[in-house]
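Presented below is the structure to which this report refers.
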Amino acid sequence: MSDAFADPSMVADTFRSIRESLVVTAHPDDESFGLGAILSSLIDRGARIRVLCFTKGEGSSLGADVAELPRIREAELSAAAAALGIDEVILLGYPDGGLSDIPVSELADRVLAAVGSADALFVFDEGGITGHPDHCRATESALVAAHHVGIPVLAWTISEPVATSINAELGTRMIGRPSNEIDLVLHVDRTRQRTAIACHHTQSVGNQVLTRRLALQGDQESLRLLTRAPDSEDEADSPRSPLGYTRLREA
Ligand SMILES: [Zn+2]
């Protein structure tokens, strides 16, 4: 649904104009495994980045032998955020694996409470990249909140060839986008992302899927500018309209 924003220069301008952003994620590590290189590139450009993470990641199948997983993952997130240069982390305690049971309006309110003077929100792509329902819910809530305050939502995505390869090789069900649905391709330095990934020790050690995805992505990251979610049943039946933000705030 990003066809309305097919003008890549407009999306590039949006990206370059960001002075402050709130990243809306479901799990500790999403900010690093998924968005890390994009965020460190924004931070290098002088942007202030904050992260809102809905769960403490206690439902992870990795590190499940660790009884203190939520506490450990909180510390991992804190270290990873410092490695990336993130200004602030807001970690909430919604149930990992149960985010889609929480009303979108409630989660959107949490985003609104944290949005401050952000110029834009960053999220995982619709479909959640891995298909995780928590990822999808986090993105939905960000779309609703962004619509209220009139700011754009930029979504981290992966290309269809990357998804197809990794799915074939490792049996994952990643959702990639064809090039005509990708609004902006960035060339990134992954140095700080890799440091941040290492901070998420319980989730990254021996994580074949992550290692392979990063290898397939090389130095490229892809973004989509999302249109807002329908507010009501009525609106859900009509074609989705482009997000009606006017312009980014002046720095
Ligand atoms: Zn996640």
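For the record, in the sequence shown the residue sitting at position 221 is 297 according to the numbering used here, with numbers rising by one throughout. We treat Cβ as the ideally placed atom computed from N, Cα and C, and that holds for glycine. What you are looking at is a predicted structure, and each value in this text was computed from that prediction instead of being measured.
Do residue j and residue i come within 8 Å of each other at the CB atom, strictly closer than that value?
| i | j | result |
| --- | --- | --- |
| PRO237 | GLY247 | no |
| LEU111 | THR278 | no |
| ALA151 | ILE166 | no |
| ILE227 | LEU188 | no |
| ALA231 | GLU202 | yes |
| GLU297 | ILE114 | yes |
| GLU107 | ALA156 | yes |
Is residue i near ligand 1, judged by its Cβ being under 7 Å from some heavy atom?
| i | result |
| --- | --- |
| ALA102 | yes |
| HIS211 | yes |
| HIS276 | no |
| HIS224 | no |
| HIS208 | yes |
Just to confirm, does residue i get its C-beta within under 7 Å of one of the non-hydrogen atoms of ligand 3?
| i | result |
| --- | --- |
| ASP106 | Ligands present in the displayed structure are limited to ligand 1, and ligand 3 is not among them. |
Tell me whether residue i is buried or exposed, calling it buried when 16 or more other Cβ atoms sit within 10 Å of its Cβ.
| i | result |
| --- | --- |
| PHE267 | A quick correction: the sequence has Thr, not Phe, at residue 267. Exposed, since its Cβ has fewer than 16 Cβ neighbours within 10 Å. |
| GLN269 | buried |
| ASP105 | buried |
| LEU175 | buried |
| ASP177 | exposed |
| LEU145 | buried |
| LEU168 | exposed |
| THR240 | exposed |
| GLU182 | exposed |
| VAL281 | exposed |
| ARG147 | exposed |
| ALA244 | exposed |
| GLU164 | exposed |
| PRO315 | Note that PRO315 has pLDDT 35, beneath the 50 cutoff, so the model's placement of it is unreliable and the number below is only indicative. It counts as exposed. |
| ASP172 | buried |
| SER43 | As displayed, the chain neither begins before 77 nor continues past 327, which places residue 43 out of reach and without an answer. |
| THR303 | buried |
| THR90 | buried |
Determine the closest residue to residue i out of the options, with distance taken between C-alpha atoms.
| i | options | result |
| --- | --- | --- |
| PHE109 | ILE205, ASP163, ARG126, ALA123 | ILE205 |
| ILE127 | ILE178, PHE200, PRO146 | Reading off the sequence shown, one finds Val at residue 127, where the question assumed Ile. Measuring from the Cα of VAL127, the nearest candidate turns out to be PHE200. |
| TYR170 | SER193, VAL180, PRO179, LYS132 | LYS132 |
| LEU118 | THR215, ILE162, ILE148 | ILE162 |
| ASP295 | VAL264, SER280, ALA272 | VAL264 |
| ARG213 | ARG121, ALA184, ILE227 | ALA184 |
| ALA194 | THR303, ASP89, ARG95 | ARG95 |
| SER93 | GLY122, ILE148, THR101 | GLY122 |
| CYS129 | VAL180, LEU153, ALA102 | ALA102 |
| ASP210 | GLY135, ALA244, VAL229 | GLY135 |
| GLY192 | GLU297, ASP89, SER97 | SER97 |
Who are the near neighbours of residue i in its chain, counting only those whose CB is closer than 8 Å to its CB and skipping five residues on each side?
| i | result |
| --- | --- |
| ARG289 | ILE234, VAL238, ILE242, MET250 |
Ordered along the chain, which non-local residues of its own chain (more than five positions away) have a Cβ less than 7 Å from that of residue i?
| i | result |
| --- | --- |
| THR271 | ALA159 |
| LEU292 | VAL238, SER241, ILE242 |
| ALA327 | With a pLDDT of 34 at ALA327, under the threshold of 50, the modelled position of that residue is not reliable, and the figure given next carries that caveat. Excluding residues within five positions, the ones whose Cβ falls inside 7 Å are ARG95. |
Please work out which residues of its chain come closer than 6 Å, Cβ to Cβ, to residue i, disregarding the five sequence neighbours upstream and downstream, and give them in chain order.
| i | result |
| --- | --- |
| ALA221 | ALA184, VAL187, LEU188 |
| LEU262 | GLU297 |
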